[in-house]
Amino acid sequence: MSSRFHLDAPQKVKDLLRELHRLSLDQEAQLAAKKDKAVDNRFVSTDILLQSRDRDGKETSSEKESKSFEDFVRDKFIALDEDKAEFMYQLIRAMGATKVIEAGTSFGVSTIYLALAVAENKKRYGGTGDGKHKPGVIATEKESSKAVKAREYWAECGPEIEGEIELREGDLLETLSRDVDQGVDLLLLDIWTPLALPTLKLVQPKLRPGAVVLTDNTQRAAEGYTELLEYFGGFQSGFSSVTLPYSGGFEMTVYNPK
Ligand SMILES: C[S@@+](CC[C@H](N)C(=O)[O-])C[C@H]1O[C@@H](n2cnc3c(N)ncnc32)[C@H](O)[C@@H]1O
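As structure tokens, this is what we get:
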């Protein structure tokens, strides 16, 4: 795919994004080199973890493997690919979106694109309308060390970006279960596959008609996404979904409830 992409951002933010994508890709090359099935496909790994727990809740060997995966990825970016992030930015600008939720933030690379797009939209179309500032992006991360790093990167970007992000630390199934306003324009599902459908169901009542759900890696991790994709395709689900031909597949789903 060719691109003449234009990101409305200060040069220092563009430079930081380039560096963060480079670091993330370097780490992914290390992940791939591990040649462990559980490590090869990050999204399948947690499925293995969940499926491997036996009825008594005792640890099985594949669960141990998956735990070592969890330890291994604890300090890894696993950032959304740059071309997908650019597409996401374009889409948010086109939608005029000002309320966005990110499921899975890690070191906050994709979050920077979300905040940049939302900040531009607010400048053009206005914010809450009551003159009060409210961050337009709800980010979620359960690893506190990742949250610390993400905040550092956002601070480097400057107050415009930093001020547009509310980071909710902890398990997103808890942190997104309260204080989410109606009228969410876009949900990014960049999370382990077993969490994708529960997260969608949690946020769905808050989605506005015409809202978009973006889901990463729906082809490469198709097995892990079976239930989510069936849910999208269900009779009168209100969802209409296409898989965009980015690496591993990038699902764009529009919500128009009947
Ligand atoms: C693929 S990474 C997100 C990458 C990020 N969107 C980016 O582009 O930079 C997924 C993240 O979800 C986090 N995560 C996993 N389970 C979670 C949960 N239950 N609640 C919140 N975050 C979770 C992981 O720690 C990991 O950092």
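Following this note's numbering, the numbering of the sequence shown begins with 1300 at its first residue and continues without gaps.
Think of the CB as a built atom: it goes at the ideal place given N, C-alpha and C, for glycine as much as any other residue.
Identify which residue in the options has its Cα closest to the Cα of residue i.
{"i": "L1324", "options": "R1303, E1381 and T1492", "result": "E1381"}
{"i": "G1548", "options": "A1510, D1489, G1532 and P1497", "result": "D1489"}
{"i": "E1461", "options": "G1407, R1303, E1526 and L1494", "result": "G1407"}
{"i": "L1528", "options": "M1551, K1557 and S1546", "result": "M1551"}
{"i": "V1417", "options": "G1430, S1409, G1395 and T1404", "result": "G1395"}
{"i": "A1446", "options": "L1487, A1454, T1404 and E1459", "result": "T1404"}
{"i": "K1313", "options": "W1453, Q1535, I1377 and S1476", "result": "W1453"}
{"i": "W1491", "options": "H1320, A1328 and L1379", "result": "L1379"}
{"i": "F1371", "options": "A1384, Q1329, L1499 and D1515", "result": "Q1329"}
{"i": "N1245", "options": "L1487, D1429 and A1510", "result": "Examination of residue 1245 is not possible in this model, given that the chain is present from 1300 through 1557 alone."}
{"i": "D1307", "options": "L1485, L1494, L1501 and Y1388", "result": "Y1388"}
{"i": "I1377", "options": "D1429, L1322 and I1411", "result": "L1322"}
{"i": "A1521", "options": "A1495, I1391, F1386 and G1537", "result": "A1495"}
{"i": "L1319", "options": "E1369, Y1424, I1411 and Q1481", "result": "I1411"}
{"i": "D1515", "options": "S1546, Q1310, G1457 and L1316", "result": "S1546"}
{"i": "R1392", "options": "G1523, S1302, Q1518 and K1422", "result": "K1422"}
{"i": "L1485", "options": "P1309, V1436 and R1450", "result": "V1436"}
{"i": "E1463", "options": "R1450, T1474 and A1331", "result": "R1450"}
{"i": "A1538", "options": "P1544, T1517, R1519 and L1499", "result": "First, the amino acid is wrong: residue 1538 is Phe here, not Ala. Answer by Cα proximity: L1499."}
{"i": "L1543", "options": "G1523, T1474, L1390 and Y1424", "result": "L1390"}
{"i": "K1383", "options": "L1413, L1315 and E1327", "result": "L1413"}
{"i": "E1459", "options": "S1301, N1420 and S1302", "result": "N1420"}
Relative to ligand 1, is the shortest distance from any of its heavy atoms to the C-beta of residue i smaller than 8 Å?
{"i": "F1376", "result": "yes"}
{"i": "D1429", "result": "no"}
{"i": "A1384", "result": "yes"}
{"i": "G1547", "result": "no"}
{"i": "F1406", "result": "yes"}
{"i": "V1511", "result": "no"}
{"i": "G1523", "result": "no"}
{"i": "D1489", "result": "yes"}
{"i": "D1478", "result": "no"}
{"i": "S1367", "result": "no"}
{"i": "T1410", "result": "yes"}
{"i": "A1402", "result": "yes"}
{"i": "S1539", "result": "no"}
{"i": "T1439", "result": "yes"}
{"i": "L1316", "result": "no"}
{"i": "E1442", "result": "yes"}
{"i": "T1474", "result": "yes"}
{"i": "D1470", "result": "yes"}
{"i": "V1372", "result": "yes"}
{"i": "L1306", "result": "no"}
{"i": "L1494", "result": "yes"}
{"i": "L1390", "result": "no"}
{"i": "L1501", "result": "no"}
{"i": "L1415", "result": "no"}
What did DSSP end up calling residue i once you bin it into helix, strand or coil?
{"i": "L1475", "result": "coil"}
{"i": "I1400", "result": "strand"}
{"i": "T1517", "result": "coil"}
{"i": "L1316", "result": "helix"}
{"i": "E1522", "result": "coil"}
{"i": "S1539", "result": "strand"}
{"i": "F1386", "result": "helix"}
{"i": "R1373", "result": "coil"}
{"i": "L1466", "result": "strand"}
{"i": "Y1545", "result": "coil"}
{"i": "D1339", "result": "Model confidence at D1339 stands at a pLDDT of 40, short of 50, so the residue's coordinates are unreliable; what they give is reported in the following sentence. In the structure shown, D1339 sits in a helix (DSSP, three-state: H, G or I)."}
{"i": "D1355", "result": "In this prediction, D1355 has a pLDDT of 41, which is less than 50 and means its spatial position is unreliable; what the coordinates show is noted afterwards. If DSSP states are grouped into helix, strand and coil, D1355 belongs with coil."}
{"i": "L1349", "result": "Confidence in L1349 is poor, its pLDDT being 36 and thus under 50, which makes the residue's placement too unreliable to answer from."}
Taking 8 Å as the line, does the beta carbon of residue i fall inside it for any heavy atom of ligand 3?
{"i": "K1445", "result": "With respect to ligand 3, the structure shown offers nothing to examine, as its ligands consist of ligand 1."}
message: Is it the case that the region 1490 to 1507 contacts the region 1391 to 1402, given that we only count it when at least three CB pairs across the two stretches are under 8 Å?
response: Between the region 1391 to 1402 and the region 1490 to 1507 there are three or more inter-stretch CB-CB distances shorter than 8 Å, so the stretches are counted as touching.
field: Uninterrupted alpha helix (DSSP H) stretches inside the region 1414 to 1464 (no shorter than 4 residues)
entry: As far as the region 1414 to 1464 is concerned, its whole alpha helix (DSSP H) runs of at least 4 residues are 1443 to 1456 and 1458 to 1461.
Whole runs of the beta strand (DSSP E) within the region 1475 to 1513, excluding any shorter than 3 residues: Runs found: 1483 to 1488.
- request: Kindly confirm or deny that the region 1468 to 1475 and the region 1433 to 1441 touch, where touching means at least three C-beta pairs closer than 8 Å.
  value: Taking one beta carbon from each stretch, the region 1468 to 1475 and the region 1433 to 1441 have 3 or more pairs nearer than 8 Å; the two touch.
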